[in-house]
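As they're listed, the protein sequences go chains A and B.
First residue of the first sequence: 32, per this note's numbering; consecutive thereafter.
First residue of the second sequence: 49, per this note's numbering; consecutive thereafter.
Glycine included, C-beta positions come from ideal geometry on N, C-alpha and C.
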Amino acid sequence: MPQGTHTLSVPLSIETIWEFVQDMNNWAPLVPGYIEHEILNENESTWAFKGDLGFMKKTVKLKIDIKEWNEPSAVIFDLSGLSDNFKGGGYFKAEKVSDNETLMTGNLDITAGGMMGPMVNQILVKFVPQTATELTEAIVTKLCEDNNVPV
Amino acid sequence: MQNIQWEKEVDVIVLGTGGAALSAAIAAADNGASVLVLEKTHQIGGTTAYSGGVPWVPLNHYMKDQGFSDNREQVIAFIKRLTLGRAEESMIERFVDKGHEIFKFLDEEAQVRFKTPKTYPEYYRNLDEALKDGTRSLDPVPFDLNLIGDWGMHLRQNPIFPPLTLEEGGAIGSIDFTVVAERMQNNIVTMGRSLVGSLFKACLDRGVETLLNIAGKELIMGENGEVIGLIAETSEGEKKYFKANNGVILASGGFEWNKQLTKAFLKMDITHPVSPPGNEGDALMMAMKVGAALDNMSEAWWYPAMVDPTFEYEDNVMAQLGNGRNGPNSIVVNKHGRRFAHEGTTYNDLPRTFFNFDPVNIEFPNEAPVWLIFDQQLKDRELIITMTPGDPAPDWVDQAATLQELAEKVGVNAENLIDEVAKWNGYCEQQEDPDFHRGTIQFENLTGGGGNPEANLGKIEKGPFYALPIYLGALGTNGGPKIDGNGRVINFAGQPIQGLYAAGNASANPLGPIYPSAGGTIGPAMVFGFLAGEHAAKTTLVKSEV
Numbered sequence: 032m033p034q035g036t037h038t039l040s041v042p043l044s045i046e047t048i049w050e051f052v053q054d055m056n057n058w059a060p061l062v063p064g065y066i067e068h069e070i071l072n073e074n075e076s077t078w079a080f081k082g083d084l085g086f087m088k089k090t091v092k093l094k095i096d097i098k099e100w101n102e103p104s105a106v107i108f109d110l111s112g113l114s115d116n117f118k119g120g121g122y123f124k125a126e127k128v129s130d131n132e133t134l135m136t137g138n139l140d141i142t143a144g145g146m147m148g149p150m151v152n153q154i155l156v157k158f159v160p161q162t163a164t165e166l167t168e169a170i171v172t173k174l175c176e177d178n179n180v181p182v
Numbered sequence: 049m050q051n052i053q054w055e056k057e058v059d060v061i062v063l064g065t066g067g068a069a070l071s072a073a074i075a076a077a078d079n080g081a082s083v084l085v086l087e088k089t090h091q092i093g094g095t096t097a098y099s100g101g102v103p104w105v106p107l108n109h110y111m112k113d114q115g116f117s118d119n120r121e122q123v124i125a126f127i128k129r130l131t132l133g134r135a136e137e138s139m140i141e142r143f144v145d146k147g148h149e150i151f152k153f154l155d156e157e158a159q160v161r162f163k164t165p166k167t168y169p170e171y172y173r174n175l176d177e178a179l180k181d182g183t184r185s186l187d188p189v190p191f192d193l194n195l196i197g198d199w200g201m202h203l204r205q206n207p208i209f210p211p212l213t214l215e216e217g218g219a220i221g222s223i224d225f226t227v228v229a230e231r232m233q234n235n236i237v238t239m240g241r242s243l244v245g246s247l248f249k250a251c252l253d254r255g256v257e258t259l260l261n262i263a264g265k266e267l268i269m270g271e272n273g274e275v276i277g278l279i280a281e282t283s284e285g286e287k288k289y290f291k292a293n294n295g296v297i298l299a300s301g302g303f304e305w306n307k308q309l310t311k312a313f314l315k316m317d318i319t320h321p322v323s324p325p326g327n328e329g330d331a332l333m334m335a336m337k338v339g340a341a342l343d344n345m346s347e348a349w350w351y352p353a354m355v356d357p358t359f360e361y362e363d364n365v366m367a368q369l370g371n372g373r374n375g376p377n378s379i380v381v382n383k384h385g386r387r388f389a390h391e392g393t394t395y396n397d398l399p400r401t402f403f404n405f406d407p408v409n410i411e412f413p414n415e416a417p418v419w420l421i422f423d424q425q426l427k428d429r430e431l432i433i434t435m436t437p438g439d440p441a442p443d444w445v446d447q448a449a450t451l452q453e454l455a456e457k458v459g460v461n462a463e464n465l466i467d468e469v470a471k472w473n474g475y476c477e478q479q480e481d482p483d484f485h486r487g488t489i490q491f492e493n494l495t496g497g498g499g500n501p502e503a504n505l506g507k508i509e510k511g512p513f514y515a516l517p518i519y520l521g522a523l524g525t526n527g528g529p530k531i532d533g534n535g536r537v538i539n540f541a542g543q544p545i546q547g548l549y550a551a552g553n554a555s556a557n558p559l560g561p562i563y564p565s566a567g568g569t570i571g572p573a574m575v576f577g578f579l580a581g582e583h584a585a586k587t588t589l590v591k592s593e594v
């Protein structure tokens, strides 16, 4: 199962991070290859983005279902392909280190199904951890910029 | 001329890194030349790496080893049957006589190896002159990319074919995606990537130097009219001068990605090239500038391309090979909703019917896009582009409950389409297609024993109905500077331009406007590339003072 987890230390309080993360509109454009998203309700949203698979780019549409909003420490979600046969999930977790330091972790776990599943999963083995890393780093960078603290 | 600061001086410079280029480099190096290969893009492999990597080579020893016989006179008669008088007999004979020798050499001396794909026959097997048993197409054996070290990372990716051999179903047939996954994990490549990998390894073994991200721009001529070097430009725009003591071999691909050139030379615009975007006619422009005669300029290796618009390759929507036009439950219609050709012809032949002109209505009725019309039966049975049986049709595929609705959706004449499908279904009942003779040619049921009514005539009757556009695509152009039997570029006076060679899609196809079977592109490309490399290495030019 292609998956990736990336953790970074952020020089901000866990509350500041939660305030940012709990509104999808804040970080949606930071998803690598982001095209658009639509929030259907508090827990459901649809997304389109262009994934850079290295040798080619693929536009995919997917649906995200938030399973848990655990303020201030975790957002856990499922995802499923609307344009292609894949499903999975992921989370953002925040762990307080001090009043001004938080460990932030992003996780993605995606598995392709259907006839082409074995081949697509070989591609995802590299793509998924790379995306988890890039998204986590992009969120941390944006948080630091918005709060005028060094990355 | 005396003031040129040469970046490097070698005997032979080769432009490009596809099958023609690397064969030329191997031959030149084996004949004692120092060789420099310049590649415009950031990846090696060119059009060949992007392809099935199959050369078509008559009389080859792999066939003999498998117990298939071939015959020189029959091959020549077959090629002439296809060329319709549009190729020089001496070039046909040169290809037939030298090709098998070169592939024997590549096998024994360069470890560039193939198998006869027993399940993949000749495309025109139904013609009297064609080979009936076996095939002249050669299937590259899988190649371990680790054998070329870090260069493996620079081998052009092939998003068209999975890492299976031709015999394993890499081009036609059911794909075992588990094998595909294993090969990807273990860095084992096949088809075009395998061919380039093994050719490139042979180049490395011979000390051939390769530079990436540098394009040939202009030939440097001596006072006697001979080519003495080349001006090249790096991807950063820096000009560099390279001296070639024996010659420059142009093998940097065709011009299908250059709109100015395609508009000038082709019958219609190739809207969907199935090749790497670097093929912009660099070699053609250099050759024209020094007076090369041109040939075959209105031709290309045509392909009826299809598109899954969610895929991009190097910032362009990726044209793909598609599927579904040569089995039951589908037809191809033009914008008027009318069938216009046998849908199951070879990929090179179907697009030739796009150019038909209607002198009464003053139009090209079959101009692309034309439409693949099919029903749920085909959808349930075959992988079409990337649409897999069993999965819901993606939103980029037009579908409708009725043919009327489908025609209106895609802008095709509905009345005609309904009439055409009714006629087709009637032909399916009588198991005969008097309009275009479906079920009669080899290619429409290539790996299943050839076309026959049972395999190829099936009704379009089970909704929902689907429509997919088919575009004018090409695997590459095949017109360019005219060459002689040693790959030398000929001028308008019919004389060789000393020190200038061309091969592959950078030259005019020596066999004219034909695609004899799988590998009809790469076979002549490698053979005349090799001959060019050999001749250049052995040539002592009458040099101007430099």
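Quick check: is the beta carbon of residue i nearer than 8 Å to any beta carbon in chain A?
i	result
D439 (chain B)	yes
Q205 (chain B)	yes
I379 (chain B)	no
G66 (chain B)	no
F248 (chain B)	no
E593 (chain B)	Any reading at E593 (chain B) needs caution, since the residue's pLDDT is 49, under 50, leaving its predicted position unreliable; the model's value is listed next. Not closer than 8 Å to any Cβ of chain A, the Cβ of E593 (chain B) fails to qualify, so no.
A229 (chain B)	yes
T588 (chain B)	no
Q490 (chain B)	no
Looking at the C-beta of residue i, does it have a partner C-beta in chain B at a distance below 8 Å?
i	result
M32 (chain A)	no
G112 (chain A)	no
P160 (chain A)	no
K89 (chain A)	yes
P63 (chain A)	no
G80 (chain A)	This sequence places Phe at residue 80 (chain A); Gly is not what is there. Judged by the 8 Å Cβ criterion, F80 (chain A) is not in contact with chain B.
G35 (chain A)	no
M147 (chain A)	yes
F86 (chain A)	yes
N152 (chain A)	yes
N57 (chain A)	no
N179 (chain A)	no
N72 (chain A)	no
N138 (chain A)	no
N101 (chain A)	no
N116 (chain A)	yes
Identify the continuous alpha helix (DSSP H) that holds residue i and give its terminal residues.
i	result
N473 (chain B)	462-478
E50 (chain A)	45-52
K427 (chain B)	424-429
Kindly indicate the opening and closing residues of the beta strand (DSSP E) around residue i.
i	result
A584 (chain B)	Per DSSP, A584 (chain B) belongs to no beta strand (DSSP E); it is in the alpha helix (DSSP H), 570-586.
K457 (chain B)	Note, K457 (chain B): premise wrong, no beta strand (DSSP E); alpha helix (DSSP H) at 451-458.
M135 (chain A)	132-143
S111 (chain A)	105-112
P149 (chain A)	Element bounds for P149 (chain A): not the beta strand (DSSP E) but the alpha helix (DSSP H), 148-177.
With a cut-off of 8 Å on the beta carbons, I'd call residue i and residue j a contact; round off their distance for me.
i	j	result
G147 (chain B)	V244 (chain B)	About 19 Å; that fails the 8 Å criterion.
Just to confirm, is the Cβ distance from residue i to residue j under 8 Å?
i	j	result
L175 (chain B)	N235 (chain B)	no
D96 (chain A)	N131 (chain A)	no
R161 (chain B)	S246 (chain B)	yes
G528 (chain B)	A331 (chain B)	yes
G535 (chain B)	G577 (chain B)	yes
M146 (chain A)	F225 (chain B)	yes
F491 (chain B)	A448 (chain B)	no
H37 (chain A)	A169 (chain A)	no
N396 (chain B)	W350 (chain B)	yes
A389 (chain B)	D446 (chain B)	no
V85 (chain B)	V256 (chain B)	yes
Is residue i near the ligand GTP - that is, is its Cβ less than 7 Å away from at least one heavy atom of it?
i	result
N364 (chain B)	With respect to the ligand GTP, the structure offers nothing, as it holds no ligand at all.
Taking one C-beta from the segment 535-553 of chain B and one from the segment 274-291 of chain B each time, how about it: are there three or more such pairs within less than 8 Å?
Using a Cβ-Cβ distance cut-off of 8 Å, the segment 535-553 of chain B and the segment 274-291 of chain B are in contact, since at least three pairs of beta carbons, one from each stretch, lie closer than that value.
Does the pairing of the segment 66-74 of chain B with the segment 94-108 of chain B give three or more beta-carbon distances under 8 Å?
Segment contact: the segment 66-74 of chain B against the segment 94-108 of chain B, three or more CB-CB distances shorter than 8 Å; contact assigned.
Is the segment 547-563 of chain B close to the segment 428-441 of chain B, with three or more CB pairs under 8 Å?
Not touching, per the Cβ criterion.
Okay, do the segment 278-293 of chain B and the segment 561-571 of chain B touch, 3+ Cβ pairs below 8 Å being the bar?
Contact between the segment 278-293 of chain B and the segment 561-571 of chain B is absent: fewer than 3 CB-CB pairs across the two stretches fall below 8 Å.
For the structure I just gave you, are there three or more beta carbon pairs, one from the segment 199-209 of chain B and one from the segment 118-131 of chain B, closer than 8 Å?
Here the segment 199-209 of chain B does not lie against the segment 118-131 of chain B, with fewer than 3 beta-carbon pairs under 8 Å apart.
At least three beta-carbon pairs within less than 8 Å, the segment 132-149 of chain B to the segment 106-117 of chain B
By the Cβ rule, the segment 132-149 of chain B counts as touching the segment 106-117 of chain B, because three or more pairs are nearer than 8 Å.
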